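Numbered continuously in this note's numbering, the sequence shown closes out at residue 632. Heads up, the beta-carbon is just placed ideally off N, CA and C, and yes, glycines get one too. Quick caveat, the model's predicted, so the values are computed rather than measured.
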Amino acid sequence: MDAIKKVVIPVAGWGTRSLPASKNIPKEMLPIYNKPVIQYVVEEAQHSGIENVVFVTNRDKSVIEDHFDYNLQLENVLERAGKLDKLAVVRGVAEMVNIMAVRQKKQLGLGHAVLCAESIIANDPFAIMVGDDLMFGGTPGIKQLIDVAVAENMSVVGVMEVAPDKVNKYGIIDASEISPGVFRVKNLVEKPACDQAPSRYAIVGRYVLKPEIFKYLKEVKPGHGGEIQLTDALQGLAKNDGMLAVKMSGIRFDAGDWSEYLAANIYFGLQDEDLHYELLDKLKNFVQFK
Ligand code: UTP
């Protein structure tokens, strides 16, 4: 498989778990420390050698594309004020990657969102990164999958081990480990009941797939929640074309979940030397008062 240069980032969901914050601001634009969630995802892509980002958006999400474009008026203001460090920051965001966008006109699920990008992806293998799933530490998350996909010429999904009571929130793999941390996927089950899960390895929001996935996506009937599930199409790909799963290393935050979103803010706040001690003191106070 050639190097992966394109990523599809679906950001067209309603974000109901993040209401009311996400009523008029896409949940992907909510800040974690000093950057919107989506910027961390795009940085991960950039650090993994990906040059082209395809956002799957809806009519209320164009602010996401704008974030990765120049804002000449703001740049002028910063230049005239001599705030050159800030100028470099805002210009840098516009120069990270090439941005493309395609509309998902009806919110019919993650699988449907990926299918909307078919004509842009065409016949190349490509990455998918879910727009509210954050990964940090060591090798960038999607790079971990790209390395295996390119070396083995196979589609690869990223997995992490979850607690038994959390398997019903994820797509779960049925797989055998062929080398440390790498699995051959036999089957996948979307949101199984705890006692019916084939493993505790949950698919997290990172994938590197061959373009054959589009063929299977077109065959998928609406499943769990009336949505076109990506997991259902992955089953076809796994059974007929073969698929690997890679146990991902690093910390993951689901920014659509409040406790994880808030934890991510604290995690990044604590990494800032100027904030570290003050923030820690405040947190200690909160805990004492409880
Ligand atoms: P989620 O289920 O986490 O997102 O979908 P959601 O539907 O926006 O959020 P909740 O559950 O209502 O709070 C995973 C990803 O797939 C995208 C979402 O934007 C999110 O990044 N998605 C989901 C789409 O692009 N289109 C869809 O129809 C559904």
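*Sort S390, L576, S404 and I488 by Cα distance to N366 and report the nearest one.*
S404
*Is DSSP giving P378 helix, strand or coil here?*
strand
*If you count every other CB in all the chains shown that lies within 10 Å of the CB of T573, and 16 or more means buried, which is it?*
It is buried - the Cβ of T573 has at least 16 other Cβ atoms within 10 Å.
*Compute the minimum distance between the beta carbon of L559 and the heavy atoms of ligand 1, and state whether it is under 8 Å.*
Not one heavy atom of ligand 1 sits closer than 8 Å to the Cβ of L559.
*Residue range of the alpha helix (DSSP H) that Y609 falls in?*
W600 to Q613
*For P506, which of helix, strand or coil comes out of DSSP?*
helix
*For I570, which beta-bridge partners are listed by DSSP?*
Paired residue(s): none; I570 is not in a bridge.
_Residue nearest to V456 in terms of C-alpha spacing, selected from L559, K528, L579 and D616_ = L559
*Residue range of the beta strand (DSSP E) that G327 falls in?*
Not covered by the structure: residue 327. The range shown for the chain is 343 to 632.
*Cβ contact (3+ pairs, closer than 8 Å) linking the region 430-441 and the region 510-520*: no
_DSSP bridge partner residues for K348 (one or two, in chain order)_ = N394
*Nearest CA to the CA of V504: which residue from I463, G568 and C536?*
C536
*For M477, I'd like the list of residues in its chain whose CB is within less than 6 Å of its CB, leaving aside the five on either flank, ordered along the chain.*
G483, G592 and R594
*Exposed or buried, which one is V419 when buried takes at least 16 other CB atoms within 10 Å?*
exposed
_Runs of beta strand (DSSP E) lying entirely within the region 422-490, each at least 3 residues, in chain order_ = Here the runs fully enclosed are 440-445, 468-471 and 475-478.
_Can you tell me whether D623 is buried or exposed? The criterion is at least 16 other CB atoms within 10 Å of its CB, across all chains shown._
exposed
*Under the rule that 16 or more other beta-carbon atoms within 10 Å means buried, what is H454, buried or exposed?*
That one is buried.
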